[in-house]
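Read through the structure below, which is laid out as structure tokens, and then see the notes.
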Ligand code: GAL
């Protein structure tokens with residue numbers, strides 16, 4: 002696969018870039034327990050806030066997410082015990098964080114922003130918030146905290162607009178992971194985890210015969226299927242073809258998009274039958290149950306969810322046909338203009354960017370740190386393997402998680418794939434995708 006050059010990378014302002022540049026971002030350079038890089042102590046250089054509140058918006062309400070966010074709050078509270086943290090987390094809605102994003106939009110438009118909020122690095126941050134002029138330039142914070150030296154340059158580029166950074170990435174998540182229950186594959190006589198879609202359908206037949214749903218799907222809201230679909234698209238299109246979907250050089254009418262929709266459509270035959278009325282919380286409970294599905298294609302926050310349930314009968318592999326690829330996204334926090342408790346918010350961002358903060362948050366969240374100097378002793382087998390893959394794999398920006406495309410398209414996309422889940426009509430879903438791409442004016 003062809004790697005992106007820097008110009009293409011900047012154009013997408015997303016998480017695909019040259020392998021060499023990303024190799025530099027990928028690998029922690031510090032040995033376990035080594036001293037953190039300069040400026041990495043939480044809240045160094047910040048004014049001590051005297052009190053007041055700190056209101057934080059996020060859609061983190063699931064297991065793993067809550068505990069990880071709390072780990073950041075704990076570090077914050079230890080330094081600023083008089084500040085009252087208002088955890089305004091809101092789940093649900095179409096697409097990731099749909100309800101939170103709708104409320105955020107209302108608050109931002111009404112001139113009543115929270116002090117800080119969760120936002121995906123890439124187009125979601127830039128198009129929804131920076132271009133409309135709602136965010137503060139964080140160059141001062143990057144300088145004071147030494148963040149320019151500890152975040153990969155290309156990650157800073159994705160957080161930046163006109164050369165200025167507008168948010169602090171707390172993590173890097175991988176979208177294309179197949180989580181599976183070895184005991185269930187075994188019960189159906191499936192010898193090895195499927196590595197291709199052909200193998201997947203073979204295994205799915207065996208599982209069906211054993212009365213075990215092969216694939217976990219939770220499509221009560223337009224969300225889960227869009228996630229699975231982005232991980233099928235990259236099996237049919239190469240990197241340039243995939244990125245071309247967002248600049249008009251690959252048509253959404255392309256037969257490789259059709260083929261991707263057909264694969265997903267076929268996969269529904271092997272999903273839990275009630276997938277249209279199953280929600281994200283339900284499917285996680287189901288996955289750990291004795292009579293639940295055998296496999297789930299989901300991002301590595303699922304690792305965080307399963308860890309929070311103290312569940313261990315699971316393993317992971319790249320989603321079918323995606324070995325060597327890393328579909329990437331990153332959560333970040335920024336500083337809205339007119340944040341009511343600005344000093345408190347700035348100090349929260351210091352914690353988010355600190356080595357201590359990232360090493361407390363990520364091992365629980367199921368993500369790898371955005372910083373290049375983590376204490377590796379804090380990360381488990383899965384996370385260490387994700388760090389390795391991030392270093393060596395072809396990186397592709399996620400659609401569903403705001404890296405590759407603006408939010409309006411993400412929503413239309415999630416709704417089109419939900420339509421496939423509901424009506425099982427490939428042509429109709431593809432027509433909706435084509436319409437969505439037209440509305441988003443890709444390449445215009
Ligand atoms: C993603 C987000 C992750 C995770 C997931 C669950 O969009 O980046 O941090 O929380 O949603 O909905």
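Residue numbers (our numbering): 2 to 445. Idealized CB from N, CA, C, for every residue including glycine.
With respect to the 9 Å criterion, residue 348 and residue 77 are classified as neighbours on the basis of their beta carbons. In the structure shown, the three-state DSSP call for residue 178 is strand. Within the stretch 283-359, the complete beta strand (DSSP E) segments at least 3 residues long are 296-299, 316-319, 326-330 and 332-335, listed from N- to C-terminus. Counting the other CB atoms within 10 Å of its CB gives residue 166 a total of 16 or more, which places it among the buried residues. When only Cα atoms are considered, residue 340 and residue 409 end up about 25 Å apart. Boundaries of the alpha helix (DSSP H) around residue 183: 183-188. Taking residue 381 as reference, the option from 374, 331, 135 and 367 with the minimal CA-CA separation is 367.
Note that the C-beta distance between residue 232 and residue 173 is not below 9 Å.
Taking one beta carbon from each stretch, the stretch 346-361 and the stretch 118-127 have fewer than 3 pairs nearer than 8 Å; the two do not touch.
Checking the 8 Å criterion, the Cβ of residue 97 is within range of a heavy atom belonging to the ligand GAL.
Comparing C-alpha distances from residue 71 to each of 426, 353, 374 and 237 shows the shortest one belongs to 353.
Annotated three-state conformation of residue 172 is coil, per DSSP.
Of the heavy atoms belonging to the ligand GAL, at least one sits nearer than 8 Å to the Cβ of residue 403. In terms of side-chain proximity, the C-beta atom of residue 273 is found no nearer than 8 Å to any non-hydrogen atom of the ligand GAL.
The closest CA to that of residue 67, considering only 91, 234 and 248, is found on 91. Short of 8 Å from the beta carbon of residue 277, and not among the five residues preceding or following it, lie these beta carbons of its own chain, in chain order: 220, 221, 422 and 423.
DSSP lists 162 as the beta-bridge partner residues of residue 165. For residue 58, the enclosing beta strand (DSSP E) starts and ends at 54-59.
If you check the C-beta of residue 177 against the ligand GAL, you find no heavy atom less than 8 Å away. Taking a contact as a CB-CB distance under 8 Å, the pair residue 178 and residue 320 counts as one, their CB atoms being some 6 Å apart. Listed in chain order, the non-local C-beta contacts of residue 281 below 6 Å within the same chain comprise 219, local neighbours out to five positions each way being set aside.
Annotated as distal: residue 415 and residue 331, with beta-carbon spacing of 9 Å or more. Shown here, residue 121 sits in a strand according to DSSP, grouped into three states. Around the beta-carbon of residue 141, fewer than 16 other beta-carbon atoms lie within 10 Å, marking it exposed.
Taken through DSSP and simplified to helix, strand or coil, residue 86 comes out as strand. Secondary structure remark: continuous alpha helix (DSSP H) runs of at least 4 residues inside the stretch 354-429, in chain order: 356-366, 382-393 and 408-424. Between residue 192 and residue 205, the CB-CB gap reaches or exceeds 9 Å. Distance check between residue 186 and each of 371, 109, 283 and 291 places 291 closest, using alpha-carbon atoms only. DSSP places residue 91 in the coil class of the three-state scheme, outside both helix and strand. At a cut-off of 8 Å, the beta-carbon of residue 307 does not count as near the ligand GAL: no heavy atom of the ligand is closer than that.
At a threshold of 8 Å, residue 66 counts as near the ligand GAL, since its beta carbon sits closer than that to one of the ligand's heavy atoms. Short note on residue 121: C-beta closer than 8 Å to some heavy atom of the ligand GAL.
Here the alpha carbons of residue 396 and residue 324 stand approximately 11 Å from one another. Straight-line spacing of the CA atoms in residue 344 and residue 305 works out to 31 Å. With a 10 Å radius around the Cβ and a threshold of 16 neighbouring Cβ atoms, residue 355 comes out buried. Residue pairing by DSSP puts residue 216 in a beta bridge opposite 272 and 296.
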